[in-house]
Amino acid sequence: MLLHTASWPEIDAYLAKHKGIIIPIGSTEQHGPNGLLGTDALCPEIIAREAALDRDDVLIGPTFNVGQAQHHLGFAGTISLRPSTMIAAMCDWADSLARHGFERLYWFNGHGGNVATITAAFSQMYGQSSFARGGHNLPKLRNNLRNWWELPGVADVIKDIFPVGDGSHATASEVSVTYWAYPQAIKRVEMSPKIAPTGPILDAEDYRRRFPDGRIGSDPSQATPEAGGRIVAKAAQALLVDYEDFLKAA
Ligand code: NI
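As structure tokens, then:
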């Protein structure tokens with residue numbers, strides 16, 4: 381079930397029985413010469429939608445699709461939030477959901493660069509009740525952060541399909557996931573060098589100098605929709621288990 385294709389009475393009815401929601405969260409940033417700018421937002425969205433297919437007890441929120449991408453701003457199309465903006469926006473999303481009775485927010489992340497800011501946003505959210513003096517009336521809220529590629533079993537599937545050159549940015553695996561969902565967006569590009577260099581991430585100008593076509597350590601010309609389908613199937617199954625565990629957690 382998707383929040384943005386549901387009506388408010390449907391969400392009201394859902395909340396009578398359930399307190400959780402999965403929120404895909406990612407980034408809009410360059411993903412090398414053949415990767416989609418939306419890759420990091422699309423991957424968790426695609427996996428979450430697959431997991432929730434025909435399930436009226438699993439609710440997927442709108443995708444928080446712009447994140448921490450300052451280092452990619454040297455490439456056209458990238459959009460970034462400052463950390464302080466992202467923390468404020470996440471807190472507003474959480475406060476809105478908590479007002480309706482949501483208590484468990486499962487933030488399903490597609491971008492490694494978001495992790496520190498998401499964790500800081502959680503501290504900001506919990507701080508609202510921690511700083512409240514002597515007994516507060518704030519809604520109960522619990523957050524969970526999960527990166528899609530860290531779900532149990534997913535790394536093994538990726539290693540099996542791409543033993544060499546999956547890399548760490550514009551990976552063959554993430555590009556495959558988007559190609560599976562958006563076959564009309566497949567781009568065939570020769571990679572040079574075949575496997576991209578690796579190195580530290582600083583500001584946008586430095587990034588473009590170190591990684592001229594945007595990739596880090598990867599050969600995403602290996603990406604195929606078939607590989608994406610295998611990864612999505614494994615990740616969607618693992619997501620449901622992980623989400624159920626989070627809902628049950630003390
Ligand atoms: Ni990515």
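Residue numbers (the working numbering): 381 to 630. For each residue, glycine too, the CB sits at the ideal point set by N, CA and C.
>> Classify Q410: buried if its beta carbon has 16 or more other beta carbons within 10 angstroms, exposed otherwise.
In response: Taking the first residue of the sequence shown as 1, we reach residue 410 at position 30. Here Q410 is buried: its Cβ has 16 or more other Cβ atoms, across all protein chains shown, within 10 Å.
> Does the separation of the CB atoms of L416 and A603 fall below 8 Å?
Replying inline: Here residue 416 refers to the residue found at position 36 of the sequence shown. Here residue 603 refers to the residue found at position 223 of the sequence shown. Not a contact, by the Cβ cut-off of 8 Å.
>> Following a CB-centred definition, is D419 positioned closer than 7 Å to any heavy atom of the ligand NI?
In response: As a first step, residue 419 must be located in the sequence shown, where it is residue number 39. One point to set straight first is that residue 419 is Thr, not Asp, in the sequence displayed. Checking every heavy atom of the ligand NI against the Cβ of T419, one is found closer than 7 Å.
> What's the call for L433, buried or exposed, on a 16-neighbour Cβ count within 10 Å?
Replying inline: Along the sequence shown, read from residue 1 onward, the residue named residue 433 stands at position 53. L433 is classed as exposed because its beta carbon has fewer than 16 other beta carbons within 10 Å across all chains shown.
>> In the DSSP output, which residue or residues are listed as bridge partners for R522?
In response: To locate residue 522, count along the sequence shown from 1; it is residue 142. Looking at the DSSP assignment, R522 forms a beta bridge with R484.
> How is the alpha helix (DSSP H) around I596 delimited, first residue to last?
Replying inline: The residue labelled residue 596 in the question sits at position 216 within the sequence shown. Counting along the chain, no alpha helix (DSSP H) covers I596, and no H or E run does either.
> Does the pairing of the region 597–612 with the region 541–549 give three or more beta-carbon distances under 8 Å?
Replying inline: They touch, by the three-pair rule.
>> Between which residues of its own chain and T419 is the CB-CB distance below 6 Å, once the five residues before and five after are set aside?
In response: Working through the sequence shown from its first residue, we reach residue 419 at position 39. The answer, listed in chain order, is H411, E554, T558.
> Roughly how many angstroms lie between the CA atoms of T465 and I403, to the nearest whole one?
Replying inline: For the purposes of this step, residue 465 is taken as residue 85 along the sequence shown, with counting starting at 1. For the purposes of this step, residue 403 is taken as residue 23 along the sequence shown, with counting starting at 1. C-alpha separation (whole angstroms): 18 Å.
>> Given the structure, does E530 come close to the ligand NI, in the sense that its CB is under 7 Å from one of the ligand's heavy atoms?
In response: Translated into the one-based positions of the sequence shown, residue 530 becomes position 150. Not so, every heavy atom of the ligand NI lies at least 7 Å from the Cβ.
> What do you reckon, is the C-beta of E554 under 7 Å from a heavy atom of the ligand NI?
Replying inline: Looking up residue 554 in the sequence shown gives position 174. Answer for E554: yes, Cβ within range of the ligand NI.
>> Count Cβ pairs between the region 445–464 and the region 479–499 that sit closer than 8 Å; are there 3 or more?
In response: Between the region 445–464 and the region 479–499, the count of C-beta pairs closer than 8 Å reaches three or more; the two stretches touch.
>> Could you compute how far the alpha carbon of Q508 sits from the alpha carbon of G481?
In response: Numbered from its first residue, the sequence shown carries residue 508 at position 128. Numbered from its first residue, the sequence shown carries residue 481 at position 101. One alpha carbon belongs to Q508, the other to G481, and they sit about 17 Å apart.
>> Please list the terminal residues of the continuous alpha helix (DSSP H) segment that includes P404.
In response: For the purposes of this step, residue 404 is identified with residue 24 of the sequence shown, where counting begins at 1. Unbroken run through P404 is the beta strand (DSSP E), 400–405; no alpha helix (DSSP H).
>> I believe W528 touches P424 by the beta-carbon criterion, under 8 Å. Please report the beta-carbon distance rounded to the nearest angstrom.
In response: Counting from 1 along the sequence shown, the entry for residue 528 is found at position 148. Counting from 1 along the sequence shown, the entry for residue 424 is found at position 44. Confirmed, about 5 Å.
> Which value, in whole angstroms, describes the spacing of the CA atoms of T563 and F511?
Replying inline: Against the sequence shown, residue 563 aligns to sequence position 183. Against the sequence shown, residue 511 aligns to sequence position 131. Reading off the sequence, residue 563 comes out as Pro, not Thr. Each residue's alpha carbon lies about 49 Å from the other.
>> Tell me the rounded alpha-carbon separation between D437 and P463.
In response: The residue you call residue 437 lines up with position 57 of the sequence shown. The residue you call residue 463 lines up with position 83 of the sequence shown. Roughly 33 Å between the two C-alpha positions.
>> Please classify S387 as buried or exposed, where buried requires at least 16 neighbouring CB atoms within 10 angstroms.
In response: Reading the sequence shown from its first residue, position 7 is the one you call residue 387. It is exposed - the Cβ of S387 has fewer than 16 other Cβ atoms within 10 Å.
>> With H, G and I counted as helix, E and B as strand and the rest as coil, what does DSSP make of H452?
In response: Translated into the one-based positions of the sequence shown, residue 452 becomes position 72. Note: H452 maps to helix in three-state DSSP.
> How should T443 be labelled, buried or exposed, when 16 other C-beta atoms within 10 angstroms of its C-beta is the threshold for buried?
Replying inline: To locate residue 443, count along the sequence shown from 1; it is residue 63. Burial check for T443: the Cβ neighbour count within 10 Å reaches 16 or more, so the residue is buried.
> Thinking C-alpha only, which one of G441, I575, P413 is nearest K567?
Replying inline: Looking up residue 567 in the sequence shown gives position 187. Restricting attention to G441, I575, P413, the CA atom closest to the CA of K567 is found in P413.
> Between L531 and F502, what straight-line distance do the alpha-carbon atoms span, to the nearest angstrom?
Replying inline: For the purposes of this step, residue 531 is taken as residue 151 along the sequence shown, with counting starting at 1. For the purposes of this step, residue 502 is taken as residue 122 along the sequence shown, with counting starting at 1. Their Cα atoms are separated by approximately 20 Å.
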